[in-house]
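Asker: Position one of the sequence shown corresponds to residue 57 (this note's numbering), numbered consecutively onward.
For every residue, glycine included, the Cβ atom is placed at its ideal position computed from N, Cα and C.
Here it is, the structure, as structure tokens.
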Amino acid sequence: MSHYQNTYRRSLDQRDAYWAEQAAQLHWDRPWDRVLDDSRPPFYRWFPGGRLNTCYNALDRHVDGGRAEQAALIYDSPLAGVVKSYSYRELRDAVALFAGALRQQGVQTGDRVVIYMPMVPEAAIAMLACARLGAVHSVVFGGFAAPELAKRIDDAQPVLIVSASCGLEPGRTIAYKPLLDQAIELSTHKPSRCIVLQRPQCAASLIAGRDVDWQAALASATPADCVSVAATDPLYVLYTSGTTGKPKGVVRDHGGHAVSLVHSMNVVYDTQPGEVFWAASDVGWVVGHAYIVYAPLLQGCTTVMYEGKPVGTPDAGAFWRVIAQHRVKTFFTAPTAFRAIKKEDPQGELLKQYDLSAFKALYLAGERSDPDTIRWAQQLLKVPVVDNWWQTELGWPAIANCRGVEEKPVKPGSASVAVPGYDIRVLDAEGGELDAGEIGNLAIKLPLPPGTLPTLWNNEAGYRDTYLSRYPGYYLAGDAGYVDEDGYWWVMSRIDDIINVAGHRLSTGAMEEVLAGHPDVAECAVIGVADALKGQLPVGLVVLKAGVSRSPETVCKELVERVRQEIGAVAALKQVAVVARLPKTRSGKVLRATMRAIADGASYNAPATIDDPKTLEEIAAALHGLGYAGAKG
């Protein structure tokens with residue numbers, strides 16, 4: 057067997073020994089009693105009896121171990137016009153002081169703290185300060201609508217909220233404090249204190265008796281030491297949208313989280329202490345938690361925190377500038393960011409301005425990386441381009457090219473192989489395991505590895521019902537896909553995006569691959585719309601690259617013919633519309649289910665995470681032009 061196969065088999069067959077070795081890379085105040093507590097399936101817990109502190113392992117351990125003057129965090133904001141670097145010593149001291157400020161405001165071990173902030177270093181400092189005290193942080197994406205923030209306040213019941221006066225977007229400033237005030241007014245639970253960071257771009261008015269200025273809070277504080285907590289204690293709660301409208305609070309524990317992230321930096325991201333790692337995400341998302349704040353620091357790397365966009369701050373060369381300026385080795389972003397760059401600069405002319413000699417690998421995740429985007433990035437950057445698949449609930453990659461173990465040949469469109477620790481299967485509707493090449497529901501055999509969610513916050517029944525009840529003994533991922541004869545996994549779409557055309561189960565993801573391969577297409581989506589005769593029919597929506605001079609009608613005809621030639625007439629894709637942009641969440645996921653509801657004339661609510669609600673009106677108009685309902689929300 058290959059090195060990868062040996063490592064992967066050992067992670068499943070000798071599970072306790074494997075994870076004990078990974079855990080030994082961290083500092084433990086007390087060793088665990090058992091590696092895995094499997095006494096209460098399907099509720100498993102990792103490293104029970106063990107005690108540690110995540111902040112100590114991310115900061116103090118490196119200060120004590122010789123990395124005190126190494127850069128820990130580089131803040132780069134083209135929107136604020138600021139670049140600032142913190143050494144491990146400076147970041148440790150800033151975190152310890154803010155932890156003291158939190159304690160002075162009444163925060164104790166086990167209390168919840170909501171963090172509602174933009175991409176500024178203080179957001180990471182607040183997260184790590186909570187970890188230092190053993191308080192549970194719940195980061196809410198900055199600028200989130202007040203009703204959604206209120207739901208999260210009511211569920212987490214924080215004693216304190218940390219916020220900022222504003223967030224920055226290209227061409228505009230978003231005042232956060234009015235949104236925060238409105239959310240607290242709407243919520244049943246009222247936090248006793250709010251600490252507010254005043255940014256120079258916008259001053260916030262503070263409410264006497266409740267609100268405390270960040271600098272004033274620091275001025276009267278003394279640094280706090282790390283508090284030892286149980287490995288099974290919660291580190292954070294991160295909310296993901298629920299189908300009922302009630303957000304689901306994904307719980308992450310201290311021990312399994314720290315172990316899994318160091319493991320992933322070694323096995324998946326192949327990034328060692330002292331090297332520069334950049335995840336272009338937001339601290340409000342799971343990628344920001346894992347790969348902006350925690351994993352790089354736990355590993356002793358330098359992490360980059362970027363407050364900007366892939367295009368428009370100032371142009372489509374923004375990413376190349378950051379990689380060159382900060383000597384980034386490993387870069388992780390969403391495929392949608394690369395599609396935006398490809399749309400604006402399809403020939404990659406802006407790349408020529410920058411020295412990317414330190415850059416060794418690009419990782420893409422967040423939604424499926426279409427083969428055309430993978431190939432475009434490969435040709436442009438001349439480095440490995442690695443698709444990886446995981447979810448908020450899982451917390452770290454489950455399918456990836458494990459370059460730290462053994463680099464595999466890339467198959468564009470596949471996220472590569474199962475990461476050690478994950479026992480992934482493809483199941484049919486009845487729970488039977490499907491053969492290679494057959495598309496079905498992705499499920500992970502229990503127990504899930506360390507770092508994955510042990511439950512939902514105050515909602516054990518919801519955890520069981522949402523993820524575990526469909527296939528007893530398995531975690532249901534909610535995605536559809538298949539594994540090929542070489543063991544490569546192909547995650548094609550959400551389960552709801554497998555459409556049934558006259559009895560044939562077809563993947564919209566496969567059709568999107570064909571559309572995205574057209575030289576004029578920047579990005580696309582295929583949705584299944586209701587049809588009285590065939591059950592469902594696919595409809596394509598495409599965004600063209602900048603500078604395309606050919607008529608939309610000509611491109612659409614070519615796209616229909618491409619699908620017929622590459623998938624067959626059974627696909628029945630006969631309608632394609634060109635649109636200016638696709639509706640997406642702020643994290644870059646295309647809102648396919650919402651577009652499907654618009655096409656079918658069904659009622660829908662625009663998701664709270666939508667980047668720009670106007671895109672839904674544009675899609676409704678395009679679908680109406682094709683003869684579909686184009687219903688308003």
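Kindly identify the DSSP beta-bridge partner or partners of Phe387.
Answerer: If you number the sequence shown from 1, residue 387 lands on position 331. Looking at the DSSP assignment, Phe387 forms a beta bridge with Trp334 and Leu418.
Asker: Cutting at 6 Å between CB atoms, please list the residues of its own chain near Glu579, excluding the five before and the five after it.
Answerer: Counted from its first residue, the sequence shown places residue 579 at position 523. Hits under 6 Å: Arg395 and Val599.
Asker: From Asp371 to Tyr530, what does the alpha carbon distance come to, in whole angstroms?
Answerer: In the sequence shown, counting from the first residue as 1, residue 371 sits at position 315. In the sequence shown, counting from the first residue as 1, residue 530 sits at position 474. The straight-line gap from Cα to Cα measures roughly 45 Å.
Asker: Run through DSSP, which three-state label would Gly681 get?
Answerer: Taking the first residue of the sequence shown as 1, we reach residue 681 at position 625. Helix at Gly681.
Asker: Can you name, in chain order, every residue of its own chain whose Cβ lies under 6 Å from the Cβ of Arg65, other than the five neighbours on each side?
Answerer: Sequence index remark: in the sequence shown, residue 65 carries index 9 (1-based). Around Arg65: no qualifying Cβ.
Asker: At 3 residues or longer, and completely inside the segment 492-521: list those beta strand (DSSP E) runs for me, N to C.
Answerer: Qualifying beta strand (DSSP E) stretches, in chain order: 496-501.
Asker: Going by other Cβ atoms of all chains shown within 10 Å of its Cβ, with 16 needed for buried, is Leu589 buried or exposed?
Answerer: Counting from one through the sequence shown, the residue named residue 589 turns up at place 533. Counting Cβ neighbours within 10 Å, Leu589 comes out exposed, since fewer than 16 surround it.
Asker: For Pro303, count neighbouring C-beta atoms within 10 Å of its own C-beta (all shown protein chains included) and say buried if the count is 16 or more, exposed if not.
Answerer: Here residue 303 refers to the residue found at position 247 when the sequence shown is read from its first residue. Buried, because 16 or more other Cβ atoms sit within 10 Å of the Cβ of Pro303.
Asker: Pull up the CB-CB distance for Arg249 and Leu216, whole angstroms please, since I reckon it's below 8 Å.
Answerer: In the sequence shown, counting from the first residue as 1, residue 249 sits at position 193. In the sequence shown, counting from the first residue as 1, residue 216 sits at position 160. About 5 Å; that satisfies the 8 Å criterion.
Asker: Taking contact to mean 3 or more Cβ pairs, one atom from each stretch, closer than 8 Å, check whether the segment 605-623 and the segment 564-579 are in contact.
Answerer: These segments touch.
Asker: Using CA coordinates, which residue listed in Lys385, Ala421, Gly373 and Leu420 is at the minimum distance from Glu400?
Answerer: Taking the sequence shown and counting its residues from 1, the one referred to as residue 400 is at position 344. Comparing Cα-Cα distances from Glu400 to each of Lys385, Ala421, Gly373 and Leu420, the minimum goes to Gly373.
Asker: Helix, strand or coil: which one does DSSP assign to Lys688?
Answerer: As a first step, residue 688 must be located in the sequence shown, where it is residue number 632. For Lys688, the predicted model reports a pLDDT of 45, less than 50, meaning its position is unreliable; a value from the coordinates is still stated below. Correct three-state label for Lys688: coil.
Asker: Tell me whether Ile623 sits in a helix, a strand or coil according to DSSP, three-state version.
Answerer: The residue labelled residue 623 in the question sits at position 567 within the sequence shown. If DSSP states are grouped into helix, strand and coil, Ile623 belongs with coil.
Asker: Do the segment 253-270 and the segment 75-85 make contact, defined as three or more Cβ pairs closer than 8 Å?
Answerer: The segment 253-270, when compared against the segment 75-85, does not touch it at the 8 Å Cβ threshold.
Asker: Who are the near neighbours of Ala273 in its chain, counting only those whose CB is closer than 6 Å to its CB and skipping five residues on each side?
Answerer: Within the sequence shown, numbered from 1, the residue matching residue 273 stands at position 217. Correct list, in chain order: Ala157 and Ile251.
Asker: So who's on the other strand from Gln631, going by DSSP bridges?
Answerer: Here residue 631 corresponds to residue number 575 of the sequence shown, with the count starting at 1. Note: Gln631 sits in a beta bridge opposite Val595.
Asker: As a quick exercise: from Pro352, Gly344, Ala380 and Ala351, pick the residue whose alpha carbon is nearest that of Glu363.
Answerer: Position 307 of the sequence shown, counted from the first residue, corresponds to residue 363. That would be Gly344, whose Cα lies nearest to the Cα of Glu363.
Asker: Buried or exposed, going by whether 16 or more other CB atoms sit within 10 Å of the CB of Met175?
Answerer: To locate residue 175, count along the sequence shown from 1; it is residue 119. It is buried - the Cβ of Met175 has at least 16 other Cβ atoms within 10 Å.
Asker: Comparing C-alpha positions only, which one of Phe375, Pro465 and Leu450 sits nearest to Asn457?
Answerer: On the sequence shown, position 401 is the one that residue 457 refers to. Closest by alpha carbon: Pro465.
Asker: With a cut-off of 8 Å, do at least 3 Cβ pairs link the segment 416-436 to the segment 276-286?
Answerer: No, they do not touch.
Asker: Buried or exposed for Gly689, going by 16 or more other Cβ atoms inside 10 Å?
Answerer: The residue labelled residue 689 in the question sits at position 633 within the sequence shown. Legend: pLDDT at Gly689 = 42, less than 50; position of this residue unreliable, value from coordinates given subsequently. Result: exposed.
Asker: Could you pull the DSSP bridge partners for Arg308 from this structure?
Answerer: Indexing the sequence shown from 1 puts residue 308 at position 252. Per DSSP, Tyr292.
Asker: Just the Cα atoms here: how many angstroms apart are Ser549 and Gln631?
Answerer: The count along the sequence shown starts at 1 and reaches residue 549 at position 493. The count along the sequence shown starts at 1 and reaches residue 631 at position 575. For Ser549 and Gln631, the distance between alpha carbons rounds to 20 Å.
Asker: Please return the same chain residues whose Cβ sits closer than 7 Å to the Cβ of Gln592, not counting the five positions on each side in sequence.
Answerer: The residue labelled residue 592 in the question sits at position 536 within the sequence shown. Counting only Cβ-Cβ distances below 7 Å, and skipping sequence neighbours, we find Ile555, Asn556, Val557, Gly584, Val585 and Ala586.
Asker: Taking its Cβ as the centre, do 16 or more other Cβ atoms sit within 10 Å of Glu622, making it buried, or is it exposed?
Answerer: Translated into the one-based positions of the sequence shown, residue 622 becomes position 566. Exposed, since its Cβ has fewer than 16 Cβ neighbours within 10 Å.
Asker: Report buried or exposed for Leu92, applying the criterion of at least 16 other Cβ atoms within 10 angstroms of its Cβ.
Answerer: Within the sequence shown, numbered from 1, the residue matching residue 92 stands at position 36. Counting Cβ neighbours within 10 Å, Leu92 comes out buried, since at least 16 surround it.
Asker: Which runs of the alpha helix (DSSP H), 4 residues or longer, sit entirely within the segment 148-236?
Answerer: Listed in chain order, they are 177-189 and 202-212.
Asker: Per DSSP, what are the beta-bridge partners of Gly565 in this structure?
Answerer: Start at 1 with the first residue of the sequence shown, and residue 565 comes out as number 509. Partner(s): none; Gly565 has no beta bridge.
Asker: Taking DSSP as the reference, what is the three-state secondary structure of Arg431?
Answerer: Locating residue 431 in the sequence shown gives position 375, counting from the first residue. Here Arg431 sits in helix by DSSP.
Asker: State the beta-bridge partners of Glu579 as determined by DSSP.
Answerer: Sequence index remark: in the sequence shown, residue 579 carries index 523 (1-based). Answer is Val599.
Asker: If you drop the 5 nearest sequence neighbours on each side, which residues of the same chain put their C-beta closer than 8 Å to that of Val384?
Answerer: In the sequence shown, counting from the first residue as 1, residue 384 sits at position 328. Cβ neighbours of Val384 beyond the five flanking positions: Val332, Phe333, Trp334, Val360, Val378, Ala414 and Phe415.
Asker: On the DSSP letters alone, give me the boundaries of the alpha helix (DSSP H) that Val378 sits inside.
Answerer: Numbered from its first residue, the sequence shown carries residue 378 at position 322. Segment Ala374 to His382, the alpha helix (DSSP H) holding Val378.
Asker: Work out the CA separation of Asp116 and Ala150 for me, nearest whole Å.
Answerer: On the sequence shown, position 94 is the one that residue 150 refers to. On the sequence shown, position 60 is the one that residue 116 refers to. Using only the alpha carbons, I get a separation of about 12 Å.
Asker: From the DSSP output, which residues share a beta bridge with Val539?
Answerer: Reading the sequence shown from its first residue, position 483 is the one you call residue 539. According to DSSP, which records beta bridges pairwise, Val539 is partnered with Trp545.
Asker: Are Val285 and Leu294 close, meaning C-beta to C-beta below 7 Å?
Answerer: Here residue 285 refers to the residue found at position 229 of the sequence shown. Here residue 294 refers to the residue found at position 238 of the sequence shown. No. Outside cutoff.
Asker: How would you write the range of the alpha helix (DSSP H) that Met651 sits in, first residue to last?
Answerer: Position 595 of the sequence shown, counted from the start, is the residue given in the question as residue 651. Counting along the chain, the alpha helix (DSSP H) containing Met651 begins and ends at Arg648 to Asp656.
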